[in-house]
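Trainee: Got a structure for you, written out below as structure tokens; questions coming shortly.
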Amino acid sequence: MTDIGQDRILVVDDGAENREILVDLLGSEGYTVDTAVDGAEAVEKALASPPDLILMDVSMPRLTGFEACRRLKADERTHLVPIVLVTGLVAREDRIQGIAAGCDDFLTKPVDSEQLIARTRNLLRTKSLVDELEQAENVLVSLANALDAKDNYTRGHSERVARYAEALGAEMGLGRIECRNLRRAGLLHDIGKIGTNLEYLHKPGPLTTTEYEEVKKHPVVGFEICRPLRTMAPLLALIRGHHERLDGRGYPDALRADAVPVPLRCLTIADVYDAITSDRSYRKALPRDRAFKIMSEEASTGMWDARLVDLFFDKVQHLD
Ligand SMILES: [Fe+2]
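Right, dumping it as structure tokens:
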């Protein structure tokens, strides 16, 4: 939100007097302020309707500020909401605990009103920029979905690839952020098909060399579409590389073995599995056991990571 009148701040404190001080200060600056009396209520309110900023006490009954912060930062709906811990605690260990919980800033009690307003403005400005970038990514995801839906053969493909890739990443022990990036990249991996002639994508038979060369451009087109958005930086290699293979015979960069990192291996396996088990213009969907056989054979020739293919069929394919 760029309009100050629309910025919503959640003030969390178990002391009524402390809440009042912050509500008065922020209210007089034109912000819309809501309150919660402890960490549990804060989590509940913030998840139901994410505010633009949270100012939160640390020592509270039911749920401490640290724990509330940790939960909100772990949830997709609120992970980008800045959280300031307002605390009387100045010990180094407490600060470290706050940072570990993912908080964005600290204010020390009693709150200095000028400092409070300056920090609030800064964090809200950053938040509004992040919102804009997120909206841009959402527009691209909507476009990718629309692109899938237009084509009977790919309806729901990106959603499924996103789900499989994220789950396989988690099984491989990748971190939360890497798994999240796998999901985002899964949603967007084929966005470059927006520039591909639909006739080629729907062609019932094999493509000519010229047609195939045209279709093969889509990972680079997708990469170029997403490149201007800085928040997409961690997704670029995944989008560009989703047709690479370990044997160096993929495209566009003919990457080989170690040049194909584990997250990209997860995405390619998810994509190939969904392609095999869905109807295509040139063939009917194949059953899962056939897909496993095909992909295991391909893995044994060095096309895919055999360990990941096994893990996928062991744990992930049951998702749908
Ligand atoms: Fe693709």
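In terms of my numbering, the sequence shown is numbered consecutively and its last residue is 338. Positions of the beta carbon are idealized from the N, C-alpha and C atoms, including for glycine. Bear in mind the structure is a predicted one, so any value in this text is a computation, not a measurement.
Measure the alpha-carbon distance for S131 versus L247 and round it to whole angstroms.
Mentor: Each residue's alpha carbon lies about 36 angstroms from the other.
Trainee: Report buried or exposed for T227, applying the criterion of at least 16 other Cβ atoms within 10 angstroms of its Cβ.
Mentor: So T227 ends up on the exposed side.
Trainee: Just how far apart, CA to CA, sit E62 and L98?
Mentor: Each residue's Cα considered, the two are about 16 angstroms apart.
Trainee: Under 7 angstroms from any heavy atom of ligand 1, does the C-beta of P270 make it?
Mentor: Incorrect: P270 has no Cβ contact closer than 7 angstroms to ligand 1.
Trainee: For H336, is the beta carbon positioned less than 7 angstroms from some heavy atom of ligand 1?
Mentor: Because no heavy atom of ligand 1 lies under 7 angstroms away, the Cβ of H336 does not count as near it: no.
Trainee: Could you pull the start and end residues of the alpha helix (DSSP H) that R178 belongs to?
Mentor: R178 -> alpha helix (DSSP H) spans 175-189.
Trainee: Among the residues of its own chain, which have a CB less than 8 angstroms from the CB of N8, if the five just before and after it don't count?
Mentor: Outside the shown range of the chain, which is 19 to 338, sits residue 8, and nothing can be said about it.
Trainee: Hey, quick one: how far does the alpha helix (DSSP H) through I257 stretch, first residue to last?
Mentor: I257 -> alpha helix (DSSP H) spans 251-258.
Trainee: Look up T53 in the DSSP assignment and say whether it is helix, strand or coil.
Mentor: Here T53 sits in strand by DSSP.
Trainee: State the CB to CB distance for the pair L134 and L125, rounded to an integer number of angstroms; the pair is presumed to be in contact (CB under 8 angstroms).
Mentor: About 6 angstroms; that satisfies the 8 angstroms criterion.
Trainee: I'd like to know whether the C-beta of H175 is nearer than 8 angstroms to at least one C-beta of chain B.
Mentor: Checking the listed chains, one finds no chain B in this structure; it contains a single protein chain.
Trainee: Between which two residues does the beta strand (DSSP E) harbouring I209 extend?
Mentor: That residue, I209, is in no beta strand (DSSP E); it is neither H nor E in DSSP.
Trainee: Report yes or no: do the stretch 201-211 and the stretch 168-177 share at least 3 C-beta pairs separated by less than 8 angstroms?
Mentor: Because the criterion of three Cβ pairs below 8 angstroms is met, the stretch 201-211 and the stretch 168-177 touch.
Trainee: Ordered along the chain, which non-local residues of its own chain (more than five positions away) have a Cβ less than 6 angstroms from that of E231?
Mentor: Taken in chain order, the list of residues that qualify is empty.
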